[in-house]
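Residue numbers (the working numbering): 622 to 1087.
Virtual Cβ for every residue (Gly too), placed ideally from N, Cα, C.
Scroll down for the structure; my scribbles are underneath it.
Listed below in structure tokens is the structure:
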């Protein structure tokens, strides 16, 4: 009988998720010896080596039946990775209506439908908390349980002009207005509307709520909103600043002037020679031409023509387009990964956490001093009682500020770890003279490639087929 352990060994990966059958080196006189090992012997050998879960019996059978074709090494067992739980999140109610709508084939995309945010009335439900999930544990090939990471819970908070239900799961509007959505907050803002173009008659616009312009925004004008900005015409070399998202129906033609800045997302048909800074995602239907775009999330340019030509684009999580570059070999620079603005924001949040913590410590000592005075039987003077109330109120506000900064910083660090480098996907063609940079790694495209994904793998930017 063949001693299986003399001929084979089982190599188990460091994480215990795979077991590989490897043939030991043999002496020259042993090479001609016929392999009389059976499937049963190899399966028993796996058990002896502690491999008891995820055994790929069909791989063992294929090898024994045809060792010339199915030569070693082969993976003979695979573990089951854990499924981490999903985070709790705040779901805006109006988004539910759009979940079943998909764009098929050459179907026309109506951008107006995308940007119409419904008006809500006082008392309307505007959002609800979706609970975190527990996830499922995994198992390595040695039969050892791998614990999953449960989804992180959140405590929803009211935004502007909203209230939370008693069970802490639903969010209702306190006023009539339009909804503005952030990652963890939903606001209902009053709406300022211009029924036409922004011009000398309207002047520059600055409003604490949402702004709707049913015309164009020419060069030289400024539109600023605490909430969302929705423009049903064209934006030229203007300045747009939104605490929420920006929606432009016709497109942006800036001629290298002006600046578009949104804390959340930007949706538009095309961008031509513009400067764009977006905290969330950038959604462009047709083309991004010779522009400078800095995006904290992902750039999507794939619904229509989906062309990115020229300029410099950076995205924290990834870029998805139909075509990148052109047949004229226009210089196009793409940067994927954590950008400078994200690093600066992380530093600002760290400073905010330290400042709030220091302030809480000082306020706590002051409150303790008042408490010690009262405990000693001394009566606080009127100005001391007023100061005590102010300190308590300041502590509540500072604790909320600290919690907000900690949560945002935690999310930022977690996202940076999960998406240190995203990917670039090209549904049709990426042309020469396009440079792609992932952190310190850079690759210049020298020949056309089609239907590819570029990703950083083992310190090298690789072209992978879609």
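Alpha carbon of residue 664 to alpha carbon of residue 770, nearest angstrom: 33 Å
Quick one: using the 10 Å Cβ neighbour count with 16 as the cut-off for buried, is residue 1001 buried or exposed? exposed
Determine the burial state of residue 679: buried for a count of at least 16 other Cβ atoms within 10 Å of its Cβ, exposed for fewer. exposed
Could you work out which residue in 900, 667, 928, 632 is closest to residue 803 when comparing CA atoms only? 900
Closest by C-alpha distance to residue 684, when choosing among 986, 676, 827, 660: 660
Of the choices 850, 806, 881, 814, whose alpha-carbon is the least far from that of residue 840? 881
Near residue 1064, which residues of its chain fall below 6 Å by C-beta distance, leaving aside the five closest residues on each side in sequence? 1057, 1082
Could you give the residue range of the alpha helix (DSSP H) that holds residue 682? 678-686
Opposing strand residues paired with residue 813 [DSSP bridges]: 832
Given that a residue counts as buried once 16 or more other Cβ atoms are within 10 Å of its Cβ, and exposed if not, what is residue 784? exposed
Just mark residue 902 as buried or exposed, buried being the case when its beta carbon has 16 or more other beta carbons within 10 Å. buried
Got a sec, what are the start and stop residues for the beta strand (DSSP E) residue 672 sits in? Counting along the chain, residue 672 falls outside any beta strand (DSSP E), and DSSP gives it neither H nor E.
May I ask you to verify whether the segment 820-828 touches the segment 795-809, counting CB pairs closer than 8 Å and requiring at least 3? no
What are the boundary residues of the beta strand (DSSP E) that residue 784 is part of? 783-785
Just verifying my parser: in three-state terms, what is the DSSP assignment at residue 875? coil
Boundaries of the alpha helix (DSSP H) in which residue 626 is found, first to last residue: 625-628
Under 7 Å: does the beta carbon of residue 896 sit that close to some heavy atom of the ligand ZN? No copy of the ligand ZN occurs in the structure displayed, which carries no ligand at all.
Assigned exposure category for residue 746 - 16 Cβ within 10 Å defines buried: exposed
Alpha-carbon spacing of residue 755 relative to residue 671, whole angstroms: 29 Å
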